[in-house]
Amino acid sequence: MSNEVGEETIPFLVEQFCADLRTHLTGVLNAARMHNAEELQRESHTLKSVSGTFGALRLQEQMRLINESCRCGDHKHAIELAVSADEIGALTMEAYQGS
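Per our numbering, the very first residue in the sequence shown carries number 1; after that it's consecutive.
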């Protein structure tokens, strides 16, 4: 990534990723708590994309599973998956803030 955007830009991008992670993970968790499948699908899709861009593969996979469950109409499973997303998100945040 540094070859494409420049080394000096990386800290800003990581900071932006962490901000997006906080925002959209909160959105995923709130949508799951409210049993709002449409919002859960939207937030998980966004976080899946952002996570993939930054190589947060475990979080990306969790969001993919949530998003896929929503799209298939299995909202109960999507909500169950969202519960564990909080821990994965926290571990991801910790890893990126330490870099």
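Every residue, glycine too, gets a C-beta built ideally from N, C-alpha and C. Since we're looking at a predicted model, the values are computed, not measured.
One alpha carbon belongs to residue 74, the other to residue 84, and they sit about 17 Å apart. Within the model, the alpha-carbon separation for residue 78 versus residue 28 is close to 10 Å. Taking C-alpha positions only, residue 12 is separated from residue 92 by approximately 17 Å. Straight across, the Cα-Cα distance linking residue 59 with residue 24 is about 12 Å. When DSSP states are grouped into helix, strand and coil, residue 74 belongs to the coil group.
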